[in-house]
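K.L.:
In the numbering used here, the protein residues as written are 95 to 198.
Just so you know, even glycine gets a beta-carbon here, dropped at the ideal spot from N, CA and C.
See below:
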């Protein structure tokens, strides 16, 4: 591992709703994945999580995200960007996927 600070940004529709168990489970899995990455990388990783319902301005500021949504619709979400590159769309990354992306 290097001393480089990696950037992970995840753009999603919502932060999940306790009234929808599937969404809540997905958020718990994502939280565990991001916790694992934070534990392994510590200060060498910066993680940002944006949702349309809470951070609409972040979606509008990012031309790549805006273009993806314009072209593919909201079904493209969630979108994971690692070190400035779109790495995964349509579902959240796994711990193994994030590890591989951060090491490449």
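State the beta-bridge partners of residue 175 as determined by DSSP.
P.N.:
Answer by DSSP bridge pairing, in chain order: 103, 180.
K.L.:
What's the C-alpha gap between residue 95 and residue 103?
P.N.:
In this predicted model, residue 95 has a pLDDT of only 47, less than 50, meaning its place in the structure is not dependable enough to derive any value.
K.L.:
Specify the secondary structure class of residue 95 as computed by DSSP and reduced to three states.
P.N.:
For residue 95, the pLDDT reaches just 47, beneath the cut-off of 50, and the residue's location in the model is therefore unreliable, although a value from the coordinates is still provided. Coil, per DSSP.
K.L.:
DSSP on residue 198, reduced to helix/strand/coil?
P.N.:
The answer is coil: DSSP assigns residue 198 none of H, G, I, E or B.
K.L.:
Since I believe residue 123 is in contact with residue 192 (beta carbons under 8 Å), could you give me their beta-carbon distance rounded to a whole number of angstroms?
P.N.:
The pair is not a contact, with the Cβ atoms about 12 Å apart (cut-off 8 Å).
K.L.:
How long is the line joining the alpha carbons of residue 132 and residue 106, rounded to whole angstroms?
P.N.:
When rounded, the distance between both Cα atoms is 19 Å.
K.L.:
Please report the distance separating the alpha-carbon of residue 129 from that of residue 164.
P.N.:
The alpha-carbon atoms of residue 129 and residue 164 are separated by roughly 31 Å.
K.L.:
Can you say whether residue 196 is buried or exposed, counting buried as having 16 or more other CB atoms within 10 angstroms of its CB?
P.N.:
Burial call: buried.
K.L.:
Report all residues from its chain with a CB closer than 6 Å to the CB of residue 141; omit the five preceding and five following residues, and keep chain order.
P.N.:
102, 128, listed in sequence order.
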